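Each remark here refers to the structure printed beneath this line.
Number of protein chains: 2
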Amino acid sequence: MGMNKIRNMEQFASVSGISRPTLSKYFNDPTSVRATTRGRIEEALERFDYRPNIFAVNQNRQLTKNVGIVVPYLADPFFAEIARNIERRCLAAGFWPTLFSSHGDPMLELEILDSLRSLKPAGVMLAPLGRASDKAGIEKFCKDVPTVLFDSNIEGVGDAFVGSDNHSFVSQSVQYLTRSGTPPCFFEMRNPANPNANKRRKAYIEVMEQLGFPPQIIQIEGEGWAFEEIGYQGAKQVFRDKSLPGDTVLCSNDRLAIGFLAAAYEHGIKVGRGDDCELRVASHDDHPFSRYTCPSLTTVAHDYEVVSSRSVEMLFTLMEDRNAFKSRKEKLFPARLILRASA
Amino acid sequence: MGMNKIRNMEQFASVSGISRPTLSKYFNDPTSVRATTRGRIEEALERFDYRPNIFAVNQNRQLTKNVGIVVPYLADPFFAEIARNIERRCLAAGFWPTLFSSHGDPMLELEILDSLRSLKPAGVMLAPLGRASDKAGIEKFCKDVPTVLFDSNIEGVGDAFVGSDNHSFVSQSVQYLTRSGTPPCFFEMRNPANPNANKRRKAYIEVMEQLGFPPQIIQIEGEGWAFEEIGYQGAKQVFRDKSLPGDTVLCSNDRLAIGFLAAAYEHGIKVGRGDDCELRVASHDDHPFSRYTCPSLTTVAHDYEVVSSRSVEMLFTLMEDRNAFKSRKEKLFPARLILRASA
DNA sequence: CCTTAAAGTTAACGCGCGTAAAAAATTAGT
DNA sequence: ACTAATTTTTTACGCGCGTTAACTTTAAGG
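See below:
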């Protein structure tokens, strides 16, 4: 075996009997050398352990194999799950994914993009903070680096957007709730950070009107990303004021619903579709914990697998050819209703 | 303003009137140049935007400013929270933290360490998978790179370990449950991946015997990191078999408890300390969601702030002097009981 | 004002690899 | 087996910065 460590490609060239430029080509793209040469290289690679110095490689390459993944809030298991999927797919394709979280802070979001720039990434998957984001700053970044936005759309920014079809989410939940009981009111934050929230409200109004029911919207106060707490406090307020119209609530997202259900439980309000229940609650996102709420949460699920795979495919296309899409591409995926006990 | 972009330190030297070696010193450590020079540099830095090429810097430095953060499972909000804290502290200290998740996979854990090695990190914060980890592999890595283990201890591996004092956790919960009602049985996985689980079981037995009660342990089946599901299935089994001894349950950790509570709710078993309640349930970790279970979960909390700050401090000490600790240092932090509605 | 230690400048080399150009070797096709 | 096309080798330069050595300038103290 190669007892003496190999320090650089020069040395690996001499022990393997392959010239350095050929080795360089191989490490750049193994298929770019003849099969027999490739075999000899890989054979040598087994006997001696050598890996090109990643810093030297990245310095001299115009474009690296780095891929940035930026999410707004990693402590949200929804984003953790998406990020995990994207990460896995990038690794499988031979890229070097690096995960960043903006932690709900627009300044940090920009700083991350700034750091990312110095990593000369081949591409970036970005889920922006949303309303709070510095649109101009992000736009500038996207001009320089191939970027696929996901989850939150920012109109006109980035080469592509992959997200969920909010209308599909809401129409499924509203239609189900309506045909299985009374039409729902809509429970949401007054000033949602995420643009999906606005699209969901609009969709709710649209679908309700289409079905011939008056939309009823409850907007609660609260800032930041502690949605469970906001939902909890908002629900308590609503119960105190007895301001809930009807017996069916559709929460804008699962995290709000988790807080809502906790408040309902504390107030002794039984939630579910049984005869002994006062209230039905449903929501959107199929948050990893929605299975374990009390009662378990009826919700509308993203297809994590499909969303992440399609986003990454788009990014790869884009990285090969920045102009692959004639115009900014938007891809929205429909959702799937998950019936559980809460509605 | 510097209309023409500055491409390297050479150019920045000429426009700023400072020699390149001095600039190099400055970027390495701003305090290593005289205050007046520092002022001139920073002034020039405002007028022209220039940042040293990170790849060139890292290539030529024997040690980088990179810090690796490796957690076993990022989709667990507990680790997301800890990681966030550590990340923030590293950034504040001028380091470049990179976050990795082993996703519960020992092979991936090793691959991450392998990649990390080529990043020439100044130090690594590693929360190992635990029982499943390839101890030899991790040990080898820790020989080469200053590493602080956290959360899960691997005896003798790494320069230091920072974690929670499991005995403190369990003794607080057991004592509270005992003095406020009947002594608890202990609900856990039969083959826990995490070594803390074993320490907690031992502590439970010890504290119970010390108080003069027979320990009663319920061990449920299940593999992997889907603790909520495992707790849920395990609890359903227990309810079906009516094999629960007594009316008080202490879960090994909050994620199991979340599943347990979901099962209890489904079985119509009322949990809490009221007279109308059949069961009390408590747990450990103060998981971010334990506030929103039904009923809200009485638990024992880590001091996230203290644990993360002390771990990072240790790593910094270690990075300055690899031999700062004469022998492997272990630091355990006590816990704080959080009374909520479930017990 | 003079002495000295401290800090900055100049010049030059090295890090490990990408890449270009010209020459040599290998393969493929007839 | 011979020519043409493809691939590999040789040689050499460049990337941006760390670092060293010898030299010059600056600041501090009597």
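Those protein sequence lines, which keep their order, are chains A and B.
Take the first sequence: its letter number 220 is residue 901 in this note's numbering, and every next letter is one higher.
Take the second sequence: its letter number 2 is residue 683 in this note's numbering, and every next letter is one higher.
Beta carbons are placed, not taken as given, at the ideal position from N, Cα and C, and that holds for glycine.
Everything numeric in this text was worked out from a predicted model, so none of it was measured.
In terms of alpha-carbon separation, which member of the options lies closest to residue i?
| i | options | result |
| --- | --- | --- |
| residue 994/B | 693/B, 709/B, 771/B | 771/B |
| residue 790/A | 801/A, 750/A, 775/A, 773/A | 750/A |
| residue 774/A | 833/A, 1004/A, 1002/A, 996/A | 996/A |
| residue 850/A | 1015/A, 1023/A, 728/A | 1015/A |
| residue 805/B | 757/B, 1008/B, 1021/B, 1003/B | 1003/B |
| residue 990/A | 766/A, 918/A, 824/A, 970/A | 766/A |
| residue 826/B | 803/B, 833/B, 853/B, 737/B | 803/B |
| residue 777/A | 768/A, 783/A, 875/A | 768/A |
| residue 992/B | 792/B, 978/B, 907/B, 1013/B | 1013/B |
| residue 1006/B | 722/B, 695/B, 841/B, 700/B | 841/B |
| residue 1021/B | 706/B, 828/B, 876/B, 961/B | 961/B |
| residue 973/B | 958/A, 1000/A, 944/A, 966/A | 944/A |
| residue 815/A | 838/A, 796/A, 908/A | 838/A |
| residue 985/A | 964/A, 879/A, 763/A | 763/A |
| residue 812/B | 727/B, 785/B, 794/B, 821/B | 785/B |
| residue 739/B | 919/B, 708/B, 698/B, 697/B | 708/B |
Reducing DSSP to helix, strand and coil, say where residue i ends up.
| i | result |
| --- | --- |
| residue 825/B | helix |
| residue 935/B | helix |
| residue 699/A | coil |
| residue 968/A | coil |
| residue 1010/A | strand |
| residue 988/B | helix |
| residue 712/B | helix |
| residue 901/A | strand |
| residue 852/B | helix |
| residue 747/A | strand |
| residue 943/A | helix |
| residue 835/A | coil |
| residue 869/A | strand |
| residue 799/B | helix |
| residue 810/B | coil |
| residue 912/B | helix |
| residue 778/B | strand |
| residue 997/B | helix |
| residue 961/A | strand |
| residue 842/A | strand |
| residue 1018/A | strand |
With 16 as the cutoff for other CB atoms within 10 Å, does residue i come out buried or exposed?
| i | result |
| --- | --- |
| residue 883/A | exposed |
| residue 744/A | exposed |
| residue 949/B | exposed |
| residue 869/A | buried |
| residue 881/A | buried |
| residue 788/B | exposed |
| residue 1008/A | exposed |
| residue 953/A | buried |
| residue 893/B | exposed |
| residue 955/B | exposed |
| residue 799/B | exposed |
| residue 828/B | buried |
| residue 702/B | exposed |
| residue 853/A | buried |
Kindly give me the distance between the Cβ atoms of residue i and residue j, rounded to whole angstroms, as I take these residues to be in contact under 8 Å.
| i | j | result |
| --- | --- | --- |
| residue 1019/B | residue 987/B | No, residue 1019/B and residue 987/B are not in contact; Cβ-Cβ is about 15 Å, not under 8 Å. |
| residue 900/A | residue 871/A | 4 Å |
| residue 694/A | residue 761/B | Incorrect: roughly 44 Å between the Cβ atoms, too far for contact. |
| residue 833/A | residue 876/A | 5 Å |
| residue 929/A | residue 864/A | 7 Å |
| residue 912/A | residue 939/A | 7 Å |
| residue 1023/A | residue 963/A | 6 Å |
Item to check | Members of the stretch 692-710 of chain A that neighbour chain B once the beta carbon cut-off is set at 9 Å | outcome: none
Item to check | Contact set between the stretch 823-841 of chain A and chain B, restricted to residues whose Cβ is under 7 Å from the partner | outcome: none
Checklist entry - Listed from N- to C-terminal order along the chain, which residues in the stretch 967-993 of chain A have their beta-carbon within a distance smaller than 8 Å of any beta-carbon of chain B? => result 969, 970, 972, 973, 974, 975, 976, 977
Item to check | Contact set between the stretch 924-956 of chain B and chain A, restricted to residues whose Cβ is under 8 Å from the partner | outcome: 939, 940, 942, 943, 946, 947
Item to check | chain A contacts made by the stretch 717-736 of chain B, where a contact means CB separation under 8 Å | outcome: 732, 734, 735, 736
Next on the checklist: Using a Cβ-Cβ cutoff of 7 Å, what residues of the stretch 740-765 of chain B are near chain A? List them in chain order.
Outcome noted: 740, 755, 756, 758, 761, 762, 765
Item to check | Contact residues within the stretch 891-918 of chain A, judged by C-beta distance below 8 Å to chain B | outcome: 909, 910, 913
Next on the checklist: Can you pull out the residues from the stretch 767-785 of chain A whose beta carbon lies closer than 9 Å to at least one beta carbon of chain B?
Outcome noted: 768, 769, 772, 777, 779, 780, 781, 782, 784
Checklist entry - Going along the stretch 842-857 of chain B in order, which residues come within less than 8 Å of chain A, judged by CB to CB distance? => result none
Next on the checklist: Beta carbons nearer than 7 Å to chain B: which residues of the stretch 784-799 of chain A have them?
Outcome noted: 784, 799
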